[in-house]
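For reference, the structure is listed below as structure tokens.
There are 2 protein chains.
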Amino acid sequence: MDRTGTYHFATESYLLDFRGRVTLPTIGNYMLHAASRHAASRGFGFSDMSEKHTAWVLSRMAVEMSEYPVMPSEPLTLHTWISDVSRLFTSRCFEWTDAGGRTLGYAHSTWAAIDMATRRPMPLAEDALRVYLTDRHCPVVRPGRIPAIEVSTPGEPYRIRYSDLDINGHFNSIKYMEHLLDMFDIALFEEKEVRRFEIIYLSESRYGMPLTMHMADAGAGRYNMAVCHEGKAICRAAAVWQ
Amino acid sequence: MDRTGTYHFATESYLLDFRGRVTLPTIGNYMLHAASRHAASRGFGFSDMSEKHTAWVLSRMAVEMSEYPVMPSEPLTLHTWISDVSRLFTSRCFEWTDAGGRTLGYAHSTWAAIDMATRRPMPLAEDALRVYLTDRHCPVVRPGRIPAIEVSTPGEPYRIRYSDLDINGHFNSIKYMEHLLDMFDIALFEEKEVRRFEIIYLSESRYGMPLTMHMADAGAGRYNMAVCHEGKAICRAAAVWQ
Numbered sequence: 001m002d003r004t005g006t007y008h009f010a011t012e013s014y015l016l017d018f019r020g021r022v023t024l025p026t027i028g029n030y031m032l033h034a035a036s037r038h039a040a041s042r043g044f045g046f047s048d049m050s051e052k053h054t055a056w057v058l059s060r061m062a063v064e065m066s067e068y069p070v071m072p073s074e075p076l077t078l079h080t081w082i083s084d085v086s087r088l089f090t091s092r093c094f095e096w097t098d099a100g101g102r103t104l105g106y107a108h109s110t111w112a113a114i115d116m117a118t119r120r121p122m123p124l125a126e127d128a129l130r131v132y133l134t135d136r137h138c139p140v141v142r143p144g145r146i147p148a149i150e151v152s153t154p155g156e157p158y159r160i161r162y163s164d165l166d167i168n169g170h171f172n173s174i175k176y177m178e179h180l181l182d183m184f185d186i187a188l189f190e191e192k193e194v195r196r197f198e199i200i201y202l203s204e205s206r207y208g209m210p211l212t213m214h215m216a217d218a219g220a221g222r223y224n225m226a227v228c229h230e231g232k233a234i235c236r237a238a239a240v241w242q
Numbered sequence: 001m002d003r004t005g006t007y008h009f010a011t012e013s014y015l016l017d018f019r020g021r022v023t024l025p026t027i028g029n030y031m032l033h034a035a036s037r038h039a040a041s042r043g044f045g046f047s048d049m050s051e052k053h054t055a056w057v058l059s060r061m062a063v064e065m066s067e068y069p070v071m072p073s074e075p076l077t078l079h080t081w082i083s084d085v086s087r088l089f090t091s092r093c094f095e096w097t098d099a100g101g102r103t104l105g106y107a108h109s110t111w112a113a114i115d116m117a118t119r120r121p122m123p124l125a126e127d128a129l130r131v132y133l134t135d136r137h138c139p140v141v142r143p144g145r146i147p148a149i150e151v152s153t154p155g156e157p158y159r160i161r162y163s164d165l166d167i168n169g170h171f172n173s174i175k176y177m178e179h180l181l182d183m184f185d186i187a188l189f190e191e192k193e194v195r196r197f198e199i200i201y202l203s204e205s206r207y208g209m210p211l212t213m214h215m216a217d218a219g220a221g222r223y224n225m226a227v228c229h230e231g232k233a234i235c236r237a238a239a240v241w242q
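Chains as they are written, first to last, in the working numbering: chain A, 1 to 242; chain B, 1 to 242.
Next up, the structure:
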């Protein structure tokens, strides 16, 4: 079994945004799909984890796209591999290439395993994961510290809906991306593109929890964002537009 | 080329709802995917239409699911075929089967071709479409009349966001489904299931158009819904829960 998993996706017209480009949440969904397949075929996928009453949770992710796929396009290729393993966290990288092998972007993600009942982090099966560790090149700056903008910016109320919930009954990690990007005015999408998006998941949220969404312009195309519950951030993110 | 197109989808854990079931909008997306592939490989897909400055628009759809796929599952199979062709509309049916060939549900959809500049309906290439016409069994009751509930029920305001827009800059047809289903309380999803969902798209909506969303309990598990702009319905739908 190759250490790196390689998956192909076709851009579909109905998944494109108003500019005819693949959206960042769709890119995020494809990455989760690839991560899920890569893990499943190597013995540490959703089902393997469920048997041990554990589940993978995405802790943080940084995506840097130099180019967004447009229609009509050749199939896109997504490569994913494990870049680090420690007691409680494992890192997974991604590289997007077009049909000619040209790189379109990279992503770096950090995952933890939690006990499905207690929702507490569990030690990873380090040895099993290390078998697939590679040092393949992934030039993404890892998610860094994001300022606590919620203390100084007003929040837009948000109510968690059915479609936001994942199989664990929590806010779906890609839906956070979608709702955060939806805070930006459409004019920004017409003129610029998100070159880097990073997100840090701090705690889980459930149906019925009232949330607020915050955004602050940090200058030079960077916006810091937060999703809060009762004033406490459950998710922080930053987008850099160019 | 077969008249019926057959496509396979794997249920992925990250696409499931909090009950571990495939959602109706995901089923809708898979159907658009299959429709898109079926049309493209028979010479009347997105690119073929674009060359003639036309585009397919979904006019109405009725979905009846006797069972929703759960995880872990064998790959799902979706069959799609053309069931009717007239001057301005063509009908496309769908059948979902599991790995054992058992039917999980059916759908019936009606499509029109529009001129991309004027947004007006265009006569269809009837002869080219008729080549693929089949009378395969599709026992779905076609979308019927849905009462104008917006005249008697208050609306919940909705602002169209970036993620709602499709490649034509209009409200994505599957996003309507998602937002309409999100009007239901989570308790209903815990106890019942949508056995039938039908939707009628009346006019296009764009970014910045203020909308209102309406829902009325019609009894016996049926709810009528509407999405309105300035008091006029742009979309009507109905869900039957069992």
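Yeah, the Cβ is synthetic: ideal placement off N, Cα and C, and Gly gets one too. Here the structure is a predicted model, which means the values were calculated and not measured.
Where residue i sits in the DSSP three-state scheme
| i | result |
| --- | --- |
| A/I234 | strand |
| A/G5 | strand |
| A/P25 | helix |
| B/L181 | helix |
| B/Y158 | strand |
| A/H33 | helix |
| B/I174 | helix |
| B/A128 | helix |
| B/D217 | strand |
| A/S50 | helix |
| B/V151 | helix |
| B/D135 | coil |
8 Å contact criterion, which residue i and residue j should meet: CB distance rounded
| i | j | result |
| --- | --- | --- |
| A/E150 | A/G231 | 7 Å |
| B/M31 | B/L78 | 7 Å |
| A/V240 | A/R206 | About 31 Å separates the two Cβ atoms, so there is no contact after all. |
| B/M49 | B/G105 | Contact flag wrong, Cβ pair sits at about 28 Å. |
| A/E95 | A/C138 | 7 Å |
Contact under 8 Å by Cβ, residue i with residue j
| i | j | result |
| --- | --- | --- |
| A/A34 | A/Y68 | no |
| A/S163 | B/E178 | yes |
| B/N172 | B/L165 | yes |
| A/A107 | A/A62 | yes |
| B/E204 | B/R130 | no |
| A/A148 | A/F44 | no |
| A/L76 | A/S109 | no |
| B/M215 | B/I160 | no |
| A/Y158 | A/R3 | no |
| B/Y201 | B/R60 | yes |
| B/I174 | B/G28 | yes |
| B/F18 | A/I167 | yes |
| B/I146 | B/A238 | yes |
| B/Y223 | B/I199 | no |
Residue i to residue j span [Cα, whole Å]
| i | j | result |
| --- | --- | --- |
| A/D182 | A/A99 | 30 Å |
| A/R136 | A/D84 | 11 Å |
| A/L188 | B/G144 | 41 Å |
| A/S91 | A/T26 | 21 Å |
| A/P123 | A/R21 | 39 Å |
| A/E191 | A/D185 | 11 Å |
| B/V227 | A/T134 | 51 Å |
| A/T212 | A/L24 | 22 Å |
| B/T11 | A/E156 | 34 Å |
| B/V140 | B/Q242 | 16 Å |
| A/R37 | A/C93 | 14 Å |
| B/D127 | B/W81 | 16 Å |
| B/F46 | B/T54 | 9 Å |
| A/R102 | B/R102 | 43 Å |
| A/I234 | A/W56 | 18 Å |
is_contact[residue i, chain A] using C-beta, thresh 8 Å
| i | result |
| --- | --- |
| B/D182 | yes |
| B/D98 | no |
| B/G20 | yes |
| B/D2 | no |
| B/R145 | no |
| B/H33 | yes |
| B/L165 | yes |
| B/P25 | yes |
| B/R161 | yes |
Min CB distance residue i to chain B below 8 Å
| i | result |
| --- | --- |
| A/G169 | yes |
| A/Y158 | no |
| A/F44 | no |
| A/L202 | no |
| A/S41 | no |
| A/E67 | no |
| A/F9 | no |
| A/I199 | no |
| A/G89 | Rather than Gly, the amino acid found at residue 89 of chain A in this sequence is Phe. Answer no: the Cβ-Cβ gap between A/F89 and chain B never drops below 8 Å. |
| A/I114 | no |
| A/L211 | no |
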